[in-house]
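Below: one structure, written as structure tokens.
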Amino acid sequence: MDIIEAMNERRSVRTFNGEPLTDDQVNALNGIVAEAEDPFGGDVAIRLKSFDLRAGYRPGTYGMICGASDFFLVAFADDRMSALSAGYRFEQVVLRAWEMGLGTCWIAGTFKDADFNSGEEWAPGERLRVVCPVGVASEPRLFEKVARITFGSKNRKPFGRMFFQDKVGRPVDADSPFREALEMMRLAPSSRNSQPWHAVVKGKAVHFYSEGKSPLAPVDMGIGICHFCETERFLGRNGSITVIPDHPAPLCDWEYVATYTSVD
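Just so you know, the sequence shown maps onto residues -15 to 248 in the numbering used here.
Here's what the structure looks like:
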């Protein structure tokens, strides 16, 4: 499986088979975490933590998760760049876990902090904000099937409503080299499937904007931009993400986030 297949196939998993990760899987995942990087320079910490289900301990996720004994913990500082970094960096981990045959599910807010924070220390300013089970998926529970329908997890906004050429309202050129990367951004996961991302292509630059108003919108934008950049990398194209100080003016009621510039 390559990264494009992972982006197309990956889904949130909330029901697991109850088996802990093997030592080889733990080592591989920790290696992926160590290699994950992002262009925003925020303060982020990602750790893998195991719980002994056989001893009867169940970390609190308010019924959202069943059968998971291993969780990623994602802590980051309370600023926009750190939220962007967290989304971008951890989505790399999520996609590579899927390539390994392991399911995951981003969880923000619906977990008991004390259960996951026990024995953990974070750098000054960082706080645990996201947990994510990881393991082998089992048959989804009725709750999980209902949740997917409720949140519309399979649904995505049309390409033409999200991405534009030169100005809002003009479709991206049919032969634009950025179409595939933008399509993978369109398929990215987001909190409550909010899909806050927009982009305007201008020459060799792609300007990203956020329509989201929730506190998790910057995390979602990091996830979407990760999909875009990972696709560009997979296709063998070089580019960089920068936050332009004298950036393009916000469009509609969108907030400017960052710009990708191709060097090919």
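Note that beta-carbon positions come from the ideal geometry of N, C-alpha and C, so glycine has one too.
From a predicted model like this one, the values you see are computed outputs, not experimental measurements.
Query - Nearest-angstrom Cβ-Cβ length linking residue 17 and residue 5, presumed shorter than 8 Å - result: Here residue 17 corresponds to residue number 33 of the sequence shown, with the count starting at 1. Here residue 5 corresponds to residue number 21 of the sequence shown, with the count starting at 1. In this structure residue 17 is not in contact with residue 5, their Cβ atoms being roughly 13 Å apart against a cut-off of 8 Å.
Query raised in the report: In terms of residues, what are the limits of the beta strand (DSSP E) holding residue 226?
Result: Working through the sequence shown from its first residue, we reach residue 226 at position 242. Residue 226 -> beta strand (DSSP E) spans 223 to 226.
Query raised in the report: Between the Cα of residue 108 and the Cα atoms of 79, 241, 27, which residue gives the shortest distance?
Result: By 1-based counting over the sequence shown, the position of residue 108 is 124. Selected option, being the one with the closest Cα: 27.
Query raised in the report: On the three-pair Cβ rule with 8 Å, is the region 224 to 232 touching the region 172 to 181?
Result: The region 224 to 232 is not in contact with the region 172 to 181.
Report task. Measure the C-alpha to C-alpha separation of residue 35 and residue 42 and round it to an integer number of angstroms. Result -> Counted from its first residue, the sequence shown places residue 35 at position 51. Counted from its first residue, the sequence shown places residue 42 at position 58. Answer to the nearest angstrom: the Cα atoms are 8 Å apart.
Query - Endpoints, alpha helix (DSSP H) assigned at residue 78 - result: In the sequence shown, counting from the first residue as 1, residue 78 sits at position 94. Its alpha helix (DSSP H) spans residues 64 to 83.
Query raised in the report: Out of curiosity, what's the CA-to-CA distance linking residue 30 and residue 167?
Result: Here the question's residue 30 lines up with position 46 in the sequence shown. Here the question's residue 167 lines up with position 183 in the sequence shown. In a straight line, the C-alpha of residue 30 is about 27 Å away from that of residue 167.
Query raised in the report: Going by the beta-carbon positions, is the gap between residue 181 and residue 220 smaller than 8 Å?
Result: As a first step, residue 181 is located in the sequence shown; it is residue number 197 there, counting from the start. As a first step, residue 220 is located in the sequence shown; it is residue number 236 there, counting from the start. No, the pair does not count as a contact, with Cβ atoms beyond the cut-off.
Query raised in the report: In whole angstroms, what is the alpha-carbon distance linking residue 20 and residue 77?
Result: Within the sequence shown, residue 20 is the residue found at index 36, counting from 1. Within the sequence shown, residue 77 is the residue found at index 93, counting from 1. Using only the alpha carbons, I get a separation of about 7 Å.
**Report entry** Cutoff 8 Å; reference residue 233; Cβ partners in own chain excluding five residues on either side
**Finding:** On the sequence shown, residue 233 is found 249 positions in, with the first residue counted as 1. Answer for residue 233: 240, listed in chain order.
**Report entry** Where the alpha helix (DSSP H) containing residue 204 begins and where it ends
**Finding:** Along the sequence shown, read from residue 1 onward, the residue named residue 204 stands at position 220. For residue 204, the enclosing alpha helix (DSSP H) begins and ends at 201 to 218.
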